[in-house]
Amino acid sequence: MSLVNANSERTAVLFLAQGRVLRQLRYSEFEAVLDHVGAMGEFSSSQAQAVFIEIDGSLRVVAAVFFILEFDTRGYPDPQWNLPLQLLASQAQPGPDMGAGPIRLATRSRCPVSWHRDQLWDPPLTGSANPFETIAQLVLENRLGMSRCDPPAKGRTQLAADVEQSRYGVGLSDSATALRREERVRLARRLRAARGKVARLRIDQEKQLVELHSRHRRQLLELEQAVASLQLQLGDEQRVSSQLKQSLDAQAEHFSRMRNLISQQISTLENGGQLGQQLGEEFNVRLDAATAELQEQLERKDVELFYQDGEIKCLGEKVAHLEQQKVELEKKLAGSDFLHELSDAGVSFVAVQPGAGEFRVPLEDIPAYLESPLDYAARYCYVDIQHYRAWLEHNRKPVCQEASGNGKLCGLPVHRCGSPATFEPGESDRCSQHKASSLTLRQVMQSRGA
Ligand SMILES: [Zn+2]
Numbered sequence: 015m016s017l018v019n020a021n022s023e024r025t026a027v028l029f030l031a032q033g034r035v036l037r038q039l040r041y042s043e044f045e046a047v048l049d050h051v052g053a054m055g056e057f058s059s060s061q062a063q064a065v066f067i068e069i070d071g072s073l074r075v076v077a078a079v080f081f082i083l084e085f086d087t088r089g090y091p092d093p094q095w096n097l098p099l100q101l102l103a104s105q106a107q108p109g110p111d112m113g114a115g116p117i118r119l120a121t122r123s124r125c126p127v128s129w130h131r132d133q134l135w136d137p138p139l140t141g142s143a144n145p146f147e148t149i150a151q152l153v154l155e156n157r158l159g160m161s162r163c164d165p166p167a168k169g170r171t172q173l174a175a176d177v178e179q180s181r182y183g184v185g186l187s188d189s190a191t192a193l194r195r196e197e198r199v200r201l202a203r204r205l206r207a208a209r210g211k212v213a214r215l216r217i218d219q220e221k222q223l224v225e226l227h228s229r230h231r232r233q234l235l236e237l238e239q240a241v242a243s244l245q246l247q248l249g250d251e252q253r254v255s256s257q258l259k260q261s262l263d264a265q266a267e268h269f270s271r272m273r274n275l276i277s278q279q280i281s282t283l284e285n286g287g288q289l290g291q292q293l294g295e296e297f298n299v300r301l302d303a304a305t306a307e308l309q310e311q312l313e314r315k316d317v318e319l320f321y322q323d324g325e326i327k328c329l330g331e332k333v334a335h336l337e338q339q340k341v342e343l344e345k346k347l348a349g350s351d352f353l354h355e356l357s358d359a360g361v362s363f364v365a366v367q368p369g370a371g372e373f374r375v376p377l378e379d380i381p382a383y384l385e386s387p388l389d390y391a392a393r394y395c396y397v398d399i400q401h402y403r404a405w406l407e408h409n410r411k412p413v414c415q416e417a418s419g420n421g422k423l424c425g426l427p428v429h430r431c432g433s434p435a436t437f438e439p440g441e442s443d444r445c446s447q448h449k450a451s452s453l454t455l456r457q458v459m460q461s462r463g464a
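If you use the working numbering, the sequence shown closes out at 464, no skipped numbers anywhere.
The structure is reproduced here in structure tokens:
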């Protein structure tokens with residue numbers, strides 16, 4: 015067995031948590047884990063803290079690399095993980111003494127290759143969680159069954175000395191001891207070789223097992239897919255069959271209805287003559303009844319119209335009669351003998367109205383005066399009725415009629431104009447400020463000033 019193999023036989027990987035070791039693997043077993051030969055379910059979906067250690071023949075730690083490793087949900091490590099642990103261990107800086115002098119130590123803060131530092135972690139160097147003592151103790155317990163050999167051989171010089179000693183008969187017991195030692199070393203080598211073979215076989219077997227599992231999974235998946243596809247087909251065919259059945263049922267029902275209908279038509283045709291006659295008679299009876307009813311309604315409407323015409327005619331006659339009476343009354347009044355007698359006897363009719371004062375009303379104007387004394391007075395004053403009414407209002411209460419913005423009147427007292435004829439709306443009924451003439455003057459002045 016080569017020296018390299020002997021060294022790799024004395025390397026291991028320990029998984030830690032809070033200063034305790036959860037799992038320890040020989041390096042070959044760790045490689046099998048990296049190859050996904052087996053899963054580590056206890057670390058699923060987590061980032062594990064681990065340490066790679068190199069051990070000497072006396073089971074003392076000589077190098078340690080503290081690294082981290084991610085696991086997926088099924089407990090398999092990150093397949094991209096590829097940290098050169100042996101290289102880091104060989105180039106690491108001196109660390110604490112774990113029995114064989116200062117070890118070579120690689121951690122995040124003491125990483126010999128700067129771009130790998132993120133994949134390392136810093137273990138606590140003091141306190142109860144200090145993992146170095148725990149690791150040293152575990153390695154001494156040797157649960158991994160590491161090969162143990164004596165301290166580095168003295169080399170050929172010592173062996174030659176031993177041979178020389180035996181040649182010169184320097185004690186048989188020494189020679190026997192040397193032989194036993196040689197035998198032990200030989201046995202240890204065979205044992206290591208056998209263990210290595212067993213480990214390789216185990217890894218091969220686990221690989222085969224994984225392949226077998228994966229093949230079975232694939233086959234199972236294919237079978238499941240085939241079953242699903244068949245179930246789909248079956249469903250489709252059941253649907254088609256059900257639709258066909260429904261269609262057949264519907265057709266059967268349709269034929270049955272058709273048959274009944276045809277039977278009925280045949281029997282109708284057989285009784286055809288008699289039925290036609292019956293229907294004709296019934297139709298004529300109904301038609302006669304409807305015609306008679308409509309005729310009756312029409313006659314009623316005619317009677318109503320006749321009465322309405324009579325009423326209208328009667329009312330028209332009444333109106334004409336009343337108008338006639340009115341004309342006659344007016345004539346009687348105008349040509350009343352009594353009034354003529356009074357006039358003939360020298361009586362004059364004198365009226366008094368504001369603004370017009372006392373005035374005589376001729377006999378023929380009496381009806382017009384009686385009809386509207388105000389109109390008559392306005393005519394008498396030579397103004398129209400609106401003008402006369404405005405003057406009456408001014409005469410009653412002589413104040414300024416100018417309406418301001420908020421709808422209220424100015425209301426300042428103004429000079430009372432005594433005659434409707436001289437009264438000028440907008441001038442006579444305005445205060446000095448609101449007279450139309452003063453406004454115009456102001457506008458003229460303003461336009462000149464501008
Ligand atoms: Zn005013």
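From the three backbone atoms N, C-alpha and C, an ideal C-beta is built for every residue, glycine too. Quick caveat, the model's predicted, so the values are computed rather than measured.
- For residue 426, the distance from the CB to the nearest heavy atom of ligand 1 is below 7 Å.
- Going by C-alpha positions, residue 76 is about 31 Å away from residue 218.
- Bridge partners of residue 68 according to DSSP: 25 and 77.
- Annotated as distal: residue 65 and residue 53, with beta-carbon spacing of 8 Å or more.
- If you draw a 10 Å sphere on the C-beta of residue 273, you find fewer than 16 other C-beta atoms in it, and that means exposed.
- By the beta-carbon neighbour count (other beta carbons within 10 angstroms, threshold 16), residue 95 is exposed.
- Residue 151 is classed as exposed because its beta carbon has fewer than 16 other beta carbons within 10 Å across all chains shown.
- The C-beta distance from residue 59 to residue 87 rounds to 5 Å, short enough to fall under 8 Å.
- Taking the C-beta atoms as reference points, residue 408 is found no nearer than 8 Å to residue 445.
- Taking 7 Å as the cut-off, one finds at least one heavy atom of ligand 1 near enough to the beta carbon of residue 448.
- The continuous beta strand (DSSP E) containing residue 111 extends over residues 107-111.
- Note on geometry: alpha-carbon atoms of residue 31 and residue 63 lie some 7 Å from one another.
- For residue 356, the enclosing alpha helix (DSSP H) stretches over residues 351-358.
- In this model, residue 132 and residue 99 are separated by some 14 Å (Cα to Cα).
- The beta carbons of residue 434 and residue 369 sit closer together than 8 Å.
- Burial check for residue 328: the Cβ neighbour count within 10 Å stays below 16, so the residue is exposed.
- Judged by DSSP in its simplified three-state form, residue 91 adopts strand.
- Ranked by how close their Cα comes to the Cα of residue 360, the residues 442, 84, 208 and 376 have 376 in first place.
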